[in-house]
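Residue numbers (the working numbering), protein chains in the order written: chain A, 1 to 370; chain B, 371 to 740.
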DNA sequence: GAGTTTTGGGTAAACATTTTCTAAAAACTC
DNA sequence: GAGTTTTTAGAAAATGTTTACCCAAAACTC
């Protein structure tokens with residue numbers, strides 16, 4: 001069945017190519033190409049013959065040859081901070097599903113907050129000829145942005161990107177969710193609320209922290225300097241940050257964290273003390289990773305929907321890549337955030353009579369169970 | 371600076387190609403190709419001139435053209451079960467680092483235990499012309515194995531693969547780690563030990579369960595039918611499985627889980643009861659994901675090193691791909707497992723006088739802290 | 001029914017490389 | 001110093017597609 005003159009060199013037994021199909025269907029390769037690409041000017045009978053031949057020889061178009069001649073690889077780059085932070089796999093999953101549904105492949109890379117690594121990653125993406133890149137690191141260094149921007153393909157940034165023609169930005173509305181978190185805690189009676197931020201060299205970390213400060217101000221609550229601790233979005237650092245807070249003379253009664261991994265570290269730090277969550281200290285996370293509801297206690301957190309982010313990212317990229325995409329003019333893509341109340345937040349100790357408290361907690365538990 | 375006749379059609383501004391470099395260095399494209407690929411038959415002076423030109427025009431070889439003509443894409447496929455299960459991102463990370471260090475790109479896909487999805491994934495990988503595929507799903511359905519095996523490229527299976535010339539298998543020694551876990555529990559005084567398995571249609575799940583049964587037998591401990599519950603490696607199912615065990619008339623004093631996610635579900639189920647971990651029930655996981663040490667309490671678990679797995683997978687693939695790799699004859703690649711004791715296991719209640727127990731636990735905690 | 005338009009499919013030129021073949025020049029050999 | 005071998009670099013073929021261009025035949029038009 002194999003083509004005669006092929007084989008030759010010691011090379012992988014190539015699978016069927018367009019010529020094999022053409023020969024079998026007794027048409028030219030141009031016709032095969034047209035049929036496979038769904039170009040409608042082909043006679044129905046011929047098309048049927050071609051499809052039959054495609055089936056018979058098990059033809060899969062060679063993407064490399066396709067990319068070479070068409071100038072489009074149908075690969076989307078996806079850059080994340082840390083693939084091992086559970087938020088990102090969830091995002092990757094959604095992104096990939098959507099991209100594949102649109103006929104794209106995804107090339108994933110994580111920066112691990114390392115400049116050299118990021119540069120190499122970008123170079124690899126350029127070399128593989130990606131059609132566009134989504135930078136979902138929530139902040140990236142200027143030098144690397146330049147490296148990316150210099151090439152002409154479409155870019156999507158989560159949360160912070162330069163204002164340039166082929167750049168689209170997913171505008172995450174942090175204010176919303178963080179305000180809800182602060183108000184939720186304040187409503188429970190908390191006055192001393194601390195915040196553990198992300199690494200402040202990331203713009204998003206600053207944005208989230210400022211959103212916290214703003215919401216506190218709105219309610220007339222003070223934020224002492226020592227109540228804002230810099231973390232780095234890792235569990236390890238979350239733990240250390242909480243230990244810093246625990247060393248203060250006047251402890252906060254609640255802690256809001258810049259992401260869920262930090263919150264997990266905080267829970268861990270508190271587990272090593274006599275303080276209980278939420279009885280003694282309430283904890284709020286950010287992201288709502290799937291794990292959040294499996295923490296002990298299940299984590300109250302601000303949800304930033306992966307699905308929503310992924311949908312916006314893929315569409316925004318397509319808007320940049322595909323010549324006549326309906327939303328090609330849209331530069332800013334809004335993303336909502338909102339509080340999800342679980343069991344890591346409660347009244348601060350002593351704010352209500354014990355009986356009352358017991359009752360309310362039970363009631364909330366019940367509500368939660370549904 | 372741009373080549374004259376180019377531009378033409380409405381196409382992305384192409385970056386410099388081999389002709390640009392050749393013109394600038396006043397050599398032929400063959401020479402440029404040779405220099406860039408490190409073929410040593412080029413005069414040192416010429417090579418220097420070529421590298422200079424490469425720098426100046428910012429030449430990046432086009433991987434698609436390369437792949438097209440050489441028949442090798444330098445892409446490795448990596449198939450995992452669920453990218454959202456934290457074990458896999460850790461594996462992906464290690465795998466990617468190693469692959470990139472060897473000049474390969476990685477194409478990742480997760481099956482989500484879905485046959486249609488898996489088939490589509492394999493098709494995509496074939497079409498992109500991967501040089502080899504590592505199937506790290508710890509069990510895959512026969513039909514899909516056939517689909518993969520039919521093509522001639524190298525394959526690596528974790529834990530269960532067909533015995534074929536171009537297939538290499540990472541043989542995970544489950545017996546080892548699981549025996550350590552059972553012995554650890556037995557040494558603490560546990561006699562009633564339950565096991566929550568993975569989905570039994572996966573061969574690895576059966577293997578792990580059988581390893582558990584065998585280790586129990588060796589110690590003369592009975593394993594009632596009801597003490598072996600089928601899970602599916604998810605937190606949700608882990609929780610449900612534990613609830614099943616809690617409904618039994620005679621409760622086990624310890625539970626070993628087929629992976630860490632299941633163990634997290636178990637911890638969660640127990641948190642909703644009056645039973646404490648490890649005081650009332652000890653829990654052991656499997657995998658040792660990074661999160662395990664951040665659980666409350668930190669999880670005793672059997673470590674299956676991602677790094678070791680990734681190293682073996684990449685090397686085994688290279689052994690299949692690269693003509694003269696030193697280990698090209700090696701078909702089985704052993705992977706060790708071993709118990710990591712943390713704080714989710716302890717003496718069963720009542721097995722020792724309270725004072726004694728208190729003391730030992732404190733001692734262990736201390737040992738742990740280091 | 002001859003001229004004109006439409007339809008549909010084939011030919012061949014790209015695309016950016018690697019690699020084989022060839023040939024010139026340089027370095028030996030006796 | 002003529003013949004032989006080695007070294008080195010260029011010319012050109014090949015890789016599997018898409019697509020612009022062209023031309024034959026069919027379908028209209030009057």
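Every residue gets a Cβ at the ideal spot worked out from N, C-alpha and C, and that includes glycine.
None of these values were measured; they are calculated from a predicted model.
Contacting residues, own chain, Cβ-Cβ under 7 Å from residue i (five flanking each side not counted)
i	result
residue 16 of chain A	57, 58, 59
residue 357 of chain A	The pLDDT assigned to residue 357 of chain A is 47, lower than 50, so where the model puts this residue is not dependable; a value taken from the coordinates is nonetheless given after this. Correct list, in chain order: 347.
residue 273 of chain A	246
residue 515 of chain B	532
residue 375 of chain A	Lying before the first or after the last residue shown, residue 375 of chain A is absent from chain A, which here runs from 1 to 370.
residue 583 of chain B	593
residue 24 of chain A	53, 56, 57
residue 243 of chain A	269
Residue i classed as buried or exposed, judged by whether at least 16 other C-beta atoms fall within 10 angstroms
i	result
residue 222 of chain A	exposed
residue 688 of chain B	buried
residue 513 of chain B	exposed
residue 492 of chain B	buried
residue 383 of chain B	With a pLDDT of 48 at residue 383 of chain B, under the threshold of 50, the modelled position of this residue cannot be trusted; read the value that follows with caution. Looking at its Cβ environment, which holds fewer than 16 other Cβ atoms inside 10 Å, residue 383 of chain B is exposed.
residue 414 of chain B	exposed
residue 335 of chain A	buried
residue 252 of chain A	buried
residue 590 of chain B	exposed
residue 595 of chain B	exposed
residue 434 of chain B	buried
residue 48 of chain A	exposed
residue 410 of chain B	exposed
residue 498 of chain B	buried
residue 200 of chain A	exposed
Own chain, CB closer than 8 Å to residue i, minus 5 neighbours either side, in chain order
i	result
residue 235 of chain A	261, 262, 264, 265, 268
residue 350 of chain A	none
residue 607 of chain B	601, 632, 635
From the options, residue whose alpha carbon lies closest to that of residue i
i	options	result
residue 655 of chain B	B/679, B/601, B/619	B/601
residue 168 of chain A	A/39, A/135, A/213	A/135
residue 540 of chain B	B/458, B/681, B/691	B/681
residue 102 of chain A	A/329, A/314, A/206	A/314
residue 111 of chain A	A/292, A/84, A/47	A/84
residue 568 of chain B	B/534, B/550, B/611, B/531	B/611
residue 374 of chain A	A/324, A/239, A/178	This structure cannot settle anything about residue 374 of chain A, because the visible part of chain A is limited to 1 through 370.
residue 186 of chain A	A/152, A/141, A/256, A/148	A/256
residue 280 of chain A	A/190, A/206, A/321, A/203	A/190
residue 565 of chain B	B/558, B/576, B/404, B/571	B/576
residue 295 of chain A	B/674, B/648, B/641	B/641
residue 202 of chain A	A/193, A/188, A/233	A/233
residue 432 of chain B	A/53, A/72, A/54	A/72
residue 94 of chain A	B/479, B/469, B/464, B/475	B/479
residue 182 of chain A	A/139, A/243, A/254	A/254
residue 653 of chain B	B/713, B/692, B/661	B/713
residue 646 of chain B	B/660, B/667, B/397	B/667
residue 115 of chain A	A/322, A/139, A/107	A/139
residue 160 of chain A	A/152, A/173, A/153	A/173
residue 291 of chain A	A/259, A/248, A/316	A/259
residue 648 of chain B	B/609, B/691, B/558	B/558
Cβ-based neighbour list, residue i, same chain, cut-off 6 Å, excluding 5 preceding and 5 following
i	result
residue 157 of chain A	135, 169
residue 32 of chain A	18, 21, 22, 50
residue 458 of chain B	450
residue 34 of chain A	42
residue 658 of chain B	671, 673, 710
residue 104 of chain A	74, 76
residue 118 of chain A	111, 144
Strand pairing of residue i, partner residues [DSSP]
i	result
residue 77 of chain A	A/107, A/133
residue 563 of chain B	B/624
residue 537 of chain B	B/525
residue 371 of chain A	Here chain A has residues from 1 to 370 only, and residue 371 of chain A is not among them.
residue 172 of chain A	A/335
Query raised in the report: If you scan the segment 465 to 534 of chain B from start to end, which runs of the beta strand (DSSP E) of 3 or more residues do you find wholly inside it?
Result: Listed in chain order, they are 475 to 480, 502 to 506, 525 to 528.
Requested in this report: Could you tell me which uninterrupted alpha helix (DSSP H) segments, each at least 4 residues in length, are contained entirely in the segment 662 to 734 of chain B, listed from first to last along the chain?
Outcome: Qualifying alpha helix (DSSP H) stretches, in chain order: 676 to 691.
Query - Residue ranges of each beta strand (DSSP E) within the segment 398 to 432 of chain B, 3 or longer - result: The segment 398 to 432 of chain B contains no whole beta strand (DSSP E) run of 3 or more residues.
Requested in this report: Pick out the complete alpha helix (DSSP H) segments inside the segment 203 to 283 of chain A, 4 residues or longer, and give them in chain order.
Outcome: Whole alpha helix (DSSP H) segments, 4+ residues: 203 to 218, 235 to 246, 260 to 271.
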